[in-house]
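Engineer: Please find one structure pasted underneath; my questions will follow.
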Amino acid sequence: MWHDRRAEHRRDRFGPGNRYEQWLAVDLATGAVWFGDTDWRTRGEEVARSLPGHRRATVGDGALPSPAVFALPLDHRAVDDRGADVWRFFGVEELYALVRRVLPLVQRVVGSLHRVGPDGSAEWSAEAATAWTDLEQACRFTLDATGAVAWAEPRVSPVPAWRVEVADFLDRNPELCDPAWATATDAELDDCAAYEPDSGYGGVPGRMCAAAGVRIEEGYTFYGHRAALYAYRAAACGDRTPVDAGLWLRTSEAGRSSWEGAKVLGASLADAPDCVLDHLAETFRGAAADDGVVLTGLPAYLRQQRAQERTAVDDTLAATGEELQRLEELLKEVRLVRNTVLTRVLSWTDGRDDEVIARLAAMSPVAVAEWRERLTADRSARPQA
Numbered sequence: 026m027w028h029d030r031r032a033e034h035r036r037d038r039f040g041p042g043n044r045y046e047q048w049l050a051v052d053l054a055t056g057a058v059w060f061g062d063t064d065w066r067t068r069g070e071e072v073a074r075s076l077p078g079h080r081r082a083t084v085g086d087g088a089l090p091s092p093a094v095f096a097l098p099l100d101h102r103a104v105d106d107r108g109a110d111v112w113r114f115f116g117v118e119e120l121y122a123l124v125r126r127v128l129p130l131v132q133r134v135v136g137s138l139h140r141v142g143p144d145g146s147a148e149w150s151a152e153a154a155t156a157w158t159d160l161e162q163a164c165r166f167t168l169d170a171t172g173a174v175a176w177a178e179p180r181v182s183p184v185p186a187w188r189v190e191v192a193d194f195l196d197r198n199p200e201l202c203d204p205a206w207a208t209a210t211d212a213e214l215d216d217c218a219a220y221e222p223d224s225g226y227g228g229v230p231g232r233m234c235a236a237a238g239v240r241i242e243e244g245y246t247f248y249g250h251r252a253a254l255y256a257y258r259a260a261a262c263g264d265r266t267p268v269d270a271g272l273w274l275r276t277s278e279a280g281r282s283s284w285e286g287a288k289v290l291g292a293s294l295a296d297a298p299d300c301v302l303d304h305l306a307e308t309f310r311g312a313a314a315d316d317g318v319v320l321t322g323l324p325a326y327l328r329q330q331r332a333q334e335r336t337a338v339d340d341t342l343a344a345t346g347e348e349l350q351r352l353e354e355l356l357k358e359v360r361l362v363r364n365t366v367l368t369r370v371l372s373w374t375d376g377r378d379d380e381v382i383a384r385l386a387a388m389s390p391v392a393v394a395e396w397r398e399r400l401t402a403d404r405s406a407r408p409q410a
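The sequence shown runs 26 to 410 under the numbering used here.
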């Protein structure tokens, strides 16, 4: 134990080691709970790194990290029956009893998390966040008259009004919803849920209200952004399954046959205007409906495919231009050599006519005649010695 009588605050005056703490850890993916402690020699700024998981306050209210392990440091300071501050550290039996006591609260947290997407990734809900607050409260203690530990009574608090599910917000404000969510891809929905402005609310409500020029009162916390968007899309799709358009067209039998059936022999998407892409989209939507699915991200996929094909055409044009430039430079050099040799041959005045020399130089007789005239003129213009 150390005792610092000169510490400014009473809570800093005594305790064991340098920053000794005991903690509970909860794996919200499995519901496992265990306890442990930090090394008493750990420096204050290193304590957070020595914990087995994340602190709830540092994670936020969106998607849970992976692994979804949270550490709950225990409070060791209490007030005895004389009103004095005392520090209490717990034995194994006391910690084990605490773990058994809070298991129903842990189950409440785990059971009320949102499970989103094909991999069932976890996301905080208003209920789960409230249950976690109850869990933290249940890990607080007081001392009875004999000095024995008395843990707080576990409670099941109602979700406060300031904790709002995004799904409820959408139900109350349907005019702010974007119809494009009905056929948006997982990535597009995730991007909408991750909206973070410089100020004000983020997530789905923040994005909706920013687009509509609407302001939300301060003081609320929103939960279940991804869950609400995925539920909106599922409701819009009805009994059909949302499937990524590219995946369906590439891998499913119905998708591949639709692509081949809609493709004109010898045609390329690179040459297709927007109206043709729109017609293809309608064709594929109809085929997908017959297959029992709804295609997500279809217009964007078709435009992406067209952009890739146009990029390939651009690459061909660039390669052709480079080759043509190389050949033109080579032609300049060959033409320069030919002109030099032609000048020599014409200067001989050996009696051969222009047609004979033109055949040798792969030129027209007229061009050779003009060359001969310029050469004669140049000689006539030279001053006599």
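We treat Cβ as the ideally placed atom computed from N, Cα and C, and that holds for glycine. On a predicted model such as this, the values are computed, not experimentally measured, just so you know.
Given that a residue counts as buried once 16 or more other Cβ atoms are within 10 Å of its Cβ, and exposed if not, what is Leu367?
Structural biologist: Its Cβ being crowded by 16 or more others within 10 Å, Leu367 is buried.
Engineer: Taking the straight line between their C-alpha atoms, what separation do you get for Thr308 and Gln333?
Structural biologist: Approximately 21 angstroms between the Cα atoms of the pair.
Engineer: Which of the three DSSP states, helix, strand or coil, is assigned to Asn43?
Structural biologist: For Asn43, the predicted structure reports a pLDDT of 49, less than 50, and the residue's modelled location is therefore unreliable. The matter cannot be settled from this model.
Engineer: Check whether the Cβ atoms of Trp206 and Tyr257 lie closer than 7 angstroms to each other.
Structural biologist: A contact, by the Cβ cut-off of 7 angstroms.
Engineer: Compare the Cα-Cα distances from Thr246 to each of Trp112, Asp100, Thr155 and Arg377 and report the closest residue.
Structural biologist: The candidate whose alpha carbon is nearest that of Thr246 is Thr155.
Engineer: What does Val58 pair with, by DSSP beta-bridge criteria?
Structural biologist: Val58 is bridged to Val51.
Engineer: Taking Val268 as part of the beta strand (DSSP E), name the residues at either end of that continuous run.
Structural biologist: Start and end: Thr266 to Asp269.
Engineer: If we cut at 7 angstroms on Cβ distances, does Asp203 have a partner in chain C?
Structural biologist: Given the protein chain composition of this structure (a single chain), no chain C is represented.
Engineer: According to DSSP, simplified to helix, strand and coil, what is Asp316?
Structural biologist: Asp316: coil per DSSP, three-state reduction.
Engineer: Any contact between the segment 274 to 283 and the segment 232 to 239? By contact I mean 3 or more CB pairs, one from each, below 8 angstroms.
Structural biologist: Judged by Cβ distances under 8 angstroms, the segment 274 to 283 makes no contact with the segment 232 to 239, as fewer than three pairs qualify.
Engineer: Where does Thr336 land, buried or exposed, given buried means 16+ other C-beta within 10 angstroms?
Structural biologist: Exposed, since its Cβ has fewer than 16 Cβ neighbours within 10 Å.
Engineer: Taking just the CA atoms, how far does Arg360 sit from Glu348?
Structural biologist: Cα-Cα distance, rounded: 18 angstroms.
Engineer: Kindly give me the distance between the Cβ atoms of Arg124 and Leu49, rounded to whole angstroms, as I take these residues to be in contact under 8 angstroms.
Structural biologist: Sequence check: residue 124 is Val here, not Arg. Sure, about 7 angstroms apart at Cβ, within 8 angstroms.
Engineer: Where Leu138 and Ala192 are concerned, what is the direct C-alpha to C-alpha distance, given to the nearest angstrom?
Structural biologist: Their Cα atoms are separated by approximately 14 angstroms.
Engineer: Might you give, ordered along the chain, the residues of its own chain that have their beta carbon closer than 7 angstroms to the beta carbon of Ser389, omitting 5 neighbours on each side?
Structural biologist: Within the same chain, Ser389 has close Cβ partners Ala383.
Engineer: Span of the alpha helix (DSSP H) holding His250?
Structural biologist: Element bounds for His250: His250 to Cys262.
Engineer: Can you tell me the Cβ-Cβ gap for Pro92 and Asp52, rounded? I've got them flagged as a contact below 8 angstroms.
Structural biologist: Correct: roughly 7 angstroms between the Cβ atoms.
Engineer: At what residues does the beta strand (DSSP E) containing Asp110 begin and finish?
Structural biologist: Where Asp110 is concerned, the enclosing beta strand (DSSP E) stretches over Asp110 to Trp112.
Engineer: Just to confirm before moving on: does the CB-CB distance between Ala270 and Leu323 stay below 7 angstroms?
Structural biologist: Taking 7 angstroms as the Cβ cut-off, Ala270 and Leu323 qualify as a contacting pair.
Engineer: Can you check which of these residues, Asp196, Leu168, Gly227 and Ala312, is closest to Ala260 by C-alpha distance?
Structural biologist: It is Asp196 whose Cα lies nearest to the Cα of Ala260.
Engineer: Using the beta-carbon count (16 or more within 10 Å), is Tyr255 buried or exposed?
Structural biologist: Classification for Tyr255: buried.
Engineer: What does the Cβ neighbour count give for Val239, buried or exposed, with the cut at 16 atoms within 10 Å?
Structural biologist: Answer is exposed; the Cβ neighbour count stays below 16.
Engineer: Please classify Leu433: is it buried, with 16 or more other beta-carbons within 10 angstroms of its beta-carbon, or exposed?
Structural biologist: Residue 433 lies beyond the stretch modelled for the chain, which goes from 26 to 410, so this question has no answer here.
Engineer: Count the other CB atoms within 10 Å of the CB of Thr321; is the residue buried (16 or more) or exposed (fewer)?
Structural biologist: Thr321 is buried by the Cβ-count criterion.
Engineer: When you compare each of His101, Leu385, Glu358 and Thr210 to Ala142 by their alpha carbons, which one comes out closest?
Structural biologist: The residue asked about is misnamed: residue 142 is Gly in this sequence, not Ala. Of the candidates His101, Leu385, Glu358 and Thr210, the one whose C-alpha sits nearest the C-alpha of Gly142 is Thr210.
Engineer: According to DSSP, simplified to helix, strand and coil, what is Phe95?
Structural biologist: In the structure shown, Phe95 sits in a strand (DSSP, three-state: E or B).
Engineer: Three-state secondary structure (DSSP) at Trp176?
Structural biologist: Three-state DSSP puts Trp176 in a strand.
Engineer: Grab the span of the alpha helix (DSSP H) containing Leu130 for me, first residue to last.
Structural biologist: Unbroken alpha helix (DSSP H) run through Leu130: Val117 to Ser137.
Engineer: Based on the DSSP secondary-structure assignment, which residues constitute the bridge partners of Glu190?
Structural biologist: Paired residue(s): Tyr248.
Engineer: CB Gly317 to CB Arg265, shorter than 7 angstroms?
Structural biologist: Yes.
Engineer: Can you give me the C-alpha to C-alpha distance between Val117 and Ala54, rounded to a whole angstrom?
Structural biologist: Distance between the alpha carbons of Val117 and Ala54 is about 25 angstroms.
Engineer: Classify Leu352: buried if its beta carbon has 16 or more other beta carbons within 10 angstroms, exposed otherwise.
Structural biologist: Exposed is the call here.
Engineer: Nearer than 6 angstroms: is that true of the beta carbon of Phe166 relative to any heavy atom of the ligand MG?
Structural biologist: For the structure depicted, the ligand MG is absent and the ligand set is empty, with no information on it obtainable.
Engineer: Quick one, which of Phe166, Thr365, Leu327 and Glu152 has its alpha-carbon nearest Pro185's?
Structural biologist: Pro185 has its Cα closest to that of Glu152, out of Phe166, Thr365, Leu327 and Glu152.
Engineer: Would you mind giving the Cβ-Cβ distance between Ala103 and Thr167, rounded to the nearest angstrom? I have them listed as a contact below 8 angstroms.
Structural biologist: Contact flag correct, Cβ pair sits at about 6 angstroms.
Engineer: Would Trp187 be called buried (16 or more neighbouring beta carbons within 10 Å of its own) or exposed?
Structural biologist: It is exposed - the Cβ of Trp187 has fewer than 16 other Cβ atoms within 10 Å.
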